[in-house]
Each structure stands twice: as C-alpha cells, then as structure tokens.
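Numbering of the sequence shown is given in my numbering, commencing with residue 220 and proceeding in unit increments. Worksheet: one structure, shown below.
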Amino acid sequence: MKKTYLLTPGPTPVPPDVLLEMAEPMIHHRTKEYQAYFQEATRLLQLVFQTQREVLTLTSSGTGAMEAAVANLLAAGQQAIVVRGGKFGERWGELCEAYGVRVVPIDVSWGRAVDPAAVQQALAKHPDTRAVFATLCETSTGVVSDVRAIAGVVAKTSAVLVVDAISGLGADELQTDAWGVDVVVAGSQKGLMLPPGLSFITLSDKAWQLVAAHKPIAYYFNLLAYRKAMQTSDTPFTPAISLVRGLGKALRWIEREGLPAVLARHRRLAEGVRAGTLGMRLQLFAAQPSNALTAIAMPAGVDGERLVRWLRDRFGVWLAEGQAELKGKIVRVAHLGYMTEADMLVALSSLELGLQALGHSVTLGTGVRAAEEVFGRP
Ligand SMILES: *Cc1c(COP(=O)(O)O)cnc(C)c1O
Numbered sequence: 220m221k222k223t224y225l226l227t228p229g230p231t232p233v234p235p236d237v238l239l240e241m242a243e244p245m246i247h248h249r250t251k252e253y254q255a256y257f258q259e260a261t262r263l264l265q266l267v268f269q270t271q272r273e274v275l276t277l278t279s280s281g282t283g284a285m286e287a288a289v290a291n292l293l294a295a296g297q298q299a300i301v302v303r304g305g306k307f308g309e310r311w312g313e314l315c316e317a318y319g320v321r322v323v324p325i326d327v328s329w330g331r332a333v334d335p336a337a338v339q340q341a342l343a344k345h346p347d348t349r350a351v352f353a354t355l356c357e358t359s360t361g362v363v364s365d366v367r368a369i370a371g372v373v374a375k376t377s378a379v380l381v382v383d384a385i386s387g388l389g390a391d392e393l394q395t396d397a398w399g400v401d402v403v404v405a406g407s408q409k410g411l412m413l414p415p416g417l418s419f420i421t422l423s424d425k426a427w428q429l430v431a432a433h434k435p436i437a438y439y440f441n442l443l444a445y446r447k448a449m450q451t452s453d454t455p456f457t458p459a460i461s462l463v464r465g466l467g468k469a470l471r472w473i474e475r476e477g478l479p480a481v482l483a484r485h486r487r488l489a490e491g492v493r494a495g496t497l498g499m500r501l502q503l504f505a506a507q508p509s510n511a512l513t514a515i516a517m518p519a520g521v522d523g524e525r526l527v528r529w530l531r532d533r534f535g536v537w538l539a540e541g542q543a544e545l546k547g548k549i550v551r552v553a554h555l556g557y558m559t560e561a562d563m564l565v566a567l568s569s570l571e572l573g574l575q576a577l578g579h580s581v582t583l584g585t586g587v588r589a590a591e592e593v594f595g596r597p
C-alpha cells in the first residue's frame, strides 16, 4: 500500500471539501451564480493579501502573474532593478529581459536575504528605474526578505515595488497596504491550498498610473482589461470556473482560522522543523529562514537528490530537492498551506531514517524530539 505525504513547497495538499467543491458539475460563468462565487473569492483574497485594493485573478500558474506585472508596468528600453538571490529572483530578471527591459541586478548570495540598503543604493545610482522586483519567500533557498524595509526605501522614489509572494503569501507576514507594497503576485498551489492553475495580482494607484502611462504589449495578460471586467464581476476571458469555486472554499478555511492564527501556525511549524533540523545536527541553509519552508543543508557525503528519492520510494514522503546550483546540496521541507504539526513529525522522522539509510550517522529520534519540544508547548 502506498500513501502519499505531499510536503513540497508547491504544489501543496488540497483540503477535502475544496476537492469536492471543484468536482461539482460545470456552470456557466456569465451567470449570477458564478458571479457570487467570484465576488466571494475576491473578497477573501483581499483579506489574505491584507489589502483594500482589487485583487485580480488570472488563469495561469504563478509565473503568468509575474509576466503580467512585467508586461504591464514596463516597456522595452526602460529600466528595472531586480533582486536575484535564487531561482525565482532570477526569473524576474529573465522575464524583464524577454520584454527588452534593462536590468540592474542586485545579486545576493543564495541563502541570504537582500540588504534593503543595497536596494536604496541601487535606486540612488539609477534614478530612472521604473520598478524594483523582489521576492517575499525565495522558494529555492528558503529565505524570506524584509519586504517592509524594501517597501519603505522604494516608496521614497518614483519607482514601484513588485513582490513575488507566490510561496510566501499566507505563510510569511505581508501587509500589502500598510507596508505600501505596490504590486503583489501570488499563485494558487502554495499557501492558498488549491491545485495549480490560478494566479493573482494586486496593484497600487502608483502602479496603475504606470500601467496607464504606456500601451501594454500584453493581450491575454492586459491588466486594464481585467480591471474593467472586474467592475461587473467578470473576466475578459473564460475563468477557471471550478478553481475559482475551490478558491472560495479554501480561503474560507483561512477566514475561519483567522489570518493571524494561520501565520502563527506557519511560524510554529517552521520553528519545529528548524529545531528538528538542528536536533539531528544538520544545518539550516537560509540565514533568514521563511515560515513557508525549511531548506536543510546536506552533510558531506549525503546527496540530497538521492535522499529525496529514497523518502518517496520508501515512505511516500515527498520533500523537494535543491534546484540549479543547489542540486543535491539541500533538501526542502514545506510547512505551507494545508499542513500540520503531525505532518512535520512525519517529515522529520522519515528524514532521520533516510539519512541513516544513506550512511550518515544520525541518532534516531533527535530531530523528532526537538520538534516535539516545540509542538508540546501550549
Ligand atoms: C512556485 C513559485 C513560482 C512559480 O510559480 P509557477 O506556478 O510554477 O509558475 C514563482 N515564484 C516563487 C517564489 C515560487 O515559489
């Protein structure tokens, strides 16, 4: 018998009532019935994004909303500052380059968070910058950025701050309005507990002014069209009807628990996994670790890819391996969305056994015990 424990930082498990909602017979989207689902989902998105602005829903994976941000805010030849401290920061740079945007990179060594002062210096050196691209949780390294401080720096200039919160939203604190984050993008398959297929974007007045000031190169991702359609609770193209229905259900889980409690739960799971990592004498890869996932540095002689494969084959436990330059060097445990303390104990105990099976000397129970001490607190 095989049972699967999906503990990856996207996709993440989907609650059963959300799965059932998405299995309901198809309805047409130009109906009052669908509009009610869409309006409810949009209201709940505002709660999770901590914003009063409209949050637009696109039918695409998270990268679609990233592309929409670049295509609508910038034209070829214009300049953007891109924080690159991992695979997803690099993606901002690649997207900008695809649109002919001139990129001023801020390269941060993988595992570290960008220093907001570096953003300030880059802005001072390049005053014609239109946008700064950053990442809340850099999923490839497990690092969380100080978005609040970066927003404070960018707000003093004519540039807008664009934050990829695809994996961080609902796990790491992000106060879109209070911190003055101009553009936030997210995706459905991480903290929002849905299958992949939806992405989200919200823009400040300052950002909408930039959008209005140039003719977007985008057609499917022309955000002005989404904004206009939103006035009548509509979308310019056929929405992913079943996913939007599931979205309402999933976000009601967050509303019922309360966003502060949801964030506190992620913090607690993260603390447990970090304690467990240190308990089994391994090291955390991220200097500023996110509450969405923990990147565990592999000890000498242990190949992270082999370990991840072993855990899948032996226990049905799905962790994520390292990407790009971190291939084999780290293993990533998600504590994101529909996951619990019990899931983390499964991850840690199977990790102990996996390390042992791969020939690494580990005292069984030391990781689990350290996590239990965290989870045993009232
Ligand atoms: C998952 C993820 C993405 C990419 O999203 P897709 O849904 O695969 O397009 C982008 N940025 C971050 C930080 C992510 O975690």
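Note that the Cβ used here is the ideal one computed from N, Cα and C, for glycine as well.
query, result
"A426 burial status per 10 Å Cβ neighbour count (16 or more: buried)", "buried"
"Backbone CA spacing between Y224 and S569 [nearest angstrom]", "11 Å"
"T261 to P508 span [Cα, whole Å]", "30 Å"
"Beta-carbon spacing of V536, V565 below 8 Å", "yes"
"Pick from A511, R475, W472 and L470 that is closest to E490, judged by C-alpha positions", "A511"
"Beta carbon nearer than 5 Å to a non-hydrogen atom of ligand 1", "G229, S280, G281, T282, F307, T358, D383, I385, S386 and G406"
"Residue from A505, M499 and S452 with nearest C-alpha to E571", "M499"
"Short Cβ contact (8 Å threshold) for V289 with L314", "yes"
"For A514 and L555, the rounded distance between their alpha carbons", "13 Å"
"Contact the segment 314–329 vs the segment 374–388: 3+ CB pairs below 8 Å", "no"
"Beta-carbon proximity of L413 to V587, cut-off 8 Å", "no"
"Pairwise C-alpha distance: G312 and A175", "In the structure as shown, the chain starts at 220 and stops at 597, and residue 175 therefore has no counterpart that could be examined."
"Spatial neighbours of V274 in its chain, beta-carbon cut-off 7 Å, leaving aside the 5 residues before and after", "T261, L264, Q265, F268, F419 and T421"
"Straight-line Cα distance separating D365 from E392", "10 Å"
"Where the alpha helix (DSSP H) containing G586 begins and where it ends", "T585 to F594"
"Proximity of S386 and T348 at Cβ, strictly below 8 Å", "no"
"Buried versus exposed, by CB contacts within 10 Å (16 or more), D401", "buried"
"Pair within 8 Å by beta-carbon distance, V521 and L577", "yes"
"Cβ-based burial, R551 [other Cβ within 10 Å; buried from 16]", "buried"
"Within the segment 328–362, ranges of the alpha helix (DSSP H) (whole runs, at least 4 residues)", "335–344"
"CB-CB length for S389 against V481, believed under 8 Å", "Residue identity differs from the one stated: residue 389 is Gly in this sequence, not Ser. That belief holds up - the Cβ atoms of G389 and V481 are roughly 6 Å apart, short of 8 Å."
"CA-to-CA distance, R464 to H248, given in whole angstroms", "11 Å"
"The segment 460–479 contacting the segment 438–445, beta-carbon criterion three pairs below 8 Å", "no"
"L411 beta carbon less than 8 Å from that of L355", "no"
"Cβ pair V373, V338 closer than 8 Å", "yes"
"Selected residue, minimal CA-CA separation from E259, among D453, Q408 and H433", "D453"
"As assigned by DSSP and simplified to three states, the class of F534", "helix"
"First through last residue of the beta strand (DSSP E) which encompasses D383", "V379 to D383"
"Three-state secondary structure (DSSP) of P479", "helix"
"Secondary structure, alpha helix (DSSP H): runs of 4+ residues fully inside the segment 363–443", "366–374, 395–398 and 424–431"
"Rounded C-alpha distance that separates L545 from T278", "31 Å"
"Reduced DSSP secondary structure (H/G/I, E/B, other) of L225", "strand"
"Buried or exposed by the 16-neighbour rule on C-beta atoms within 10 Å, applied to M241", "buried"
"Beta carbon of L342 nearer than 8 Å to that of G416", "no"
"E540 in three-state terms, based on DSSP", "strand"
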